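Just below is one structure, and these are the notes that go with it.
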Amino acid sequence: MPKGESLGEFEYLVLLAVLRLDADAYGMRVRREIAERTGRDVAIGAVYATLDRLESKRLVKGEWSDPTPERGGRAKRRFHLTGAGAEAVTRERQELASMMEGLVFPLPRATR
Amino acid sequence: MNPPLMARALLLAVAGDDQAEFVAGDLHEEFVFLCQTRGRRAGRRWYVWQVARSILALLGLRMRSGEVAHVFAATALGVAIPLLLLDRLWCFVYSQIPLKDGLHRAPGFLAANVICAGLCAAFCGATARSLRRAVAIAAAAALAAGFALWNSAGAAPALYVCVILLIAPASSLMAWRRFR
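In order, the protein sequences belong to chains R and X. So the first sequence is numbered by my numbering: it starts at 860 and just counts up by one. So the second sequence is numbered by my numbering: it starts at 128 and just counts up by one.
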């Protein structure tokens with residue numbers, strides 16, 4: 860796999876959140892999903908910057924939806940995984956599983 | 128129920144036109160939800176904090192989309208061209224008046240240059256069909272023009288020459304490549 864195509868940790872989390880949310884994956888829902896499941900309080904700007912990066916790698920695709928009054932009359936940008944995105948998630952999972960294999964959790968305390 | 132005015136204005140100024148649409152919408156939606164569940168004060172605090180933490184990421188996003196390059200190009204064009212033209216014009220006028228040639232230019236001349244540069248830059252911004260961007264460009268142009276003129280009158284005329292001779296063609300090229 861070329862170096863530029865590998866996923867960062869946060870990119871992987873965002874991809875998984877998009878996958879979980881399915882049709883309702885937009886910036887704030889992705890942010891909330893990550894916060895609820897990992898306890899990380901991430902900024903909305905960071906989420907959109909990551910989604911933009913993933914879109915430029917063609918792992919997700921964004922689509923505009925109509926403006927709604929509860930959003931102050933502003934439109935929403937929903938994202939969904941592309942075929943390449945689904946492949947990237949699967950590959951990442953396999954790599955992690957492979958690295959985890961044989962390790963016993965919880966790990967003993969490291970000694971100096 | 129409206130989000131804090133200053134934070135919203137900052138968000139709209141920092142985010143590009145496209146990003147402002149969905150980021151402001153997302154923040155508004157969550158702000159209303161938080162006001163209903165945790166109170167207005169908590170909602171306002173959350174909104175301001177989110178905007179403050181998102182500034183760098185949104186600027187990066189805008190730069191990747193190429194919009195910042197356009198703003199810089201328009202600003203440089205709006206400053207460099209009027210400065211070049213006005214400076215050449217006034218040099219010629221002064222050279223035609225006995226005893227005036229070689230004199231320092233009056234402060235009024237500098238002010239006129241700055242105002243013209245600001246107006247031209249605002250025009251450049253207005254061509255981008257955004258009043259907000261036009262105001263931002265005009266302010267940036269006025270600052271840059273003031274800085275360039277201050278240097279041209281005093282210690283570092285070389286910087287002024289660089290601004291005039293290098294930035295104008297470079298920014299023209301950038302603008303041309305972007306709108307081609």
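Built from N, CA and C at the ideal position, the CB exists for glycine as well. Owing to the predicted nature of the structure, the values given are computational and were not obtained by experimental measurement.
Determine the extent of the beta strand (DSSP E) in which LEU962/R is found, giving its start and end residues.
First-last for LEU962/R: undefined, no H or E at that position.
Taking the continuous alpha helix (DSSP H) assigned at SER915/R, which residues delimit it?
Note, SER915/R: alpha helix (DSSP H), 903 to 915.
Given a threshold of 16 other Cβ atoms within 10 Å of its Cβ, counted over all protein chains shown, does GLN146/X qualify as buried or as exposed?
Per the 10 Å Cβ criterion, buried.
What residues of chain X sit near LYS920/R, judged by a beta carbon separation below 9 Å?
What LYS920/R touches in chain X: nothing, since even the nearest Cβ is about 15 Å away.
Below 8 Å on the Cβ atoms is my contact criterion, and I expect ALA171/X with PRO131/X to pass it. Report the Cβ-Cβ distance as a whole number of Å.
The question names Ala, yet the displayed sequence has Arg at residue 171/X. Sure, about 5 Å apart at Cβ, within 8 Å.
Output yes or no for whether 8 Å exceeds the beta carbon distance between VAL980/R and ARG890/R.
Residue 980/R lies beyond the stretch modelled for chain R, which goes from 860 to 971, so this question has no answer here.
For ARG936/R, tell me which candidate among ARG135/X, ALA140/X and LEU154/X has the shortest Cα-Cα distance.
Nearest of ARG135/X, ALA140/X and LEU154/X to ARG936/R, Cα basis: LEU154/X.
State the DSSP-derived secondary structure class of THR941/R, mapped to helix, strand or coil.
DSSP, reduced to helix, strand and coil, places THR941/R outside both helices and strands of the structure shown, so it counts as coil.
Against chain R, with Cβ distances strictly below 8 Å, would SER181/X count as a contact?
By this cut-off, SER181/X is an interface position.
For ARG307/X, name the three-state secondary structure that DSSP assigns.
Here the model assigns ARG307/X a pLDDT of 41, short of 50, so the residue's position is not dependable, and the following value carries that caveat. Here ARG307/X sits in coil by DSSP.
Hey, is GLN223/X's beta-carbon within less than 8 Å of any beta-carbon in chain R?
Not closer than 8 Å to any Cβ of chain R, the Cβ of GLN223/X fails to qualify, so no.
Burial state of ARG189/X, where buried means 16 or more other Cβ atoms lie within 10 Å
ARG189/X should be labelled buried.
Give the C-beta separation of SER181/X and GLY904/R to the nearest angstrom, bearing in mind that I take them to be a contact with Cβ-Cβ under 8 Å.
About 3 Å separates the two Cβ atoms, so the contact holds.
Quick one: grab the DSSP three-state call for GLY187/X.
The DSSP-derived three-state label of GLY187/X is helix.
In its own chain, which residues sit with a C-beta less than 7 Å from the C-beta of LEU878/R, not counting the 5 before and 5 after it?
In chain order, LEU940 and VAL948 place their CB closer than 7 Å to the CB of LEU878/R, counting only its own chain and leaving out the 5 sequence neighbours on each side.
Between the Cα of THR927/R and the Cα atoms of ALA151/X, ALA134/X, LEU185/X and ASP144/X, which residue gives the shortest distance?
By alpha-carbon distance to THR927/R, the top candidate from ALA151/X, ALA134/X, LEU185/X and ASP144/X is ALA151/X.
Boundaries (first-last residue) of the alpha helix (DSSP H) holding GLY886/R
Note, GLY886/R: alpha helix (DSSP H), 886 to 897.
Taking only beta-carbon positions, decide if ILE903/R is within less than 8 Å of chain X.
Using beta-carbon distances, ILE903/R counts as an interface residue toward chain X, with a partner under 8 Å.
Can you grab the Cα-Cα spacing for the pair VAL175/X / ALA140/X, in whole Å?
Those two C-alpha atoms are separated by around 14 Å.
With a threshold of 8 Å between beta carbons, is ASP153/X in contact with chain R?
Output row for ASP153/X: interface = yes.
So who's on the other strand from GLY921/R, going by DSSP bridges?
According to the DSSP secondary-structure assignment, GLY921/R is paired through a beta bridge with PHE938/R.
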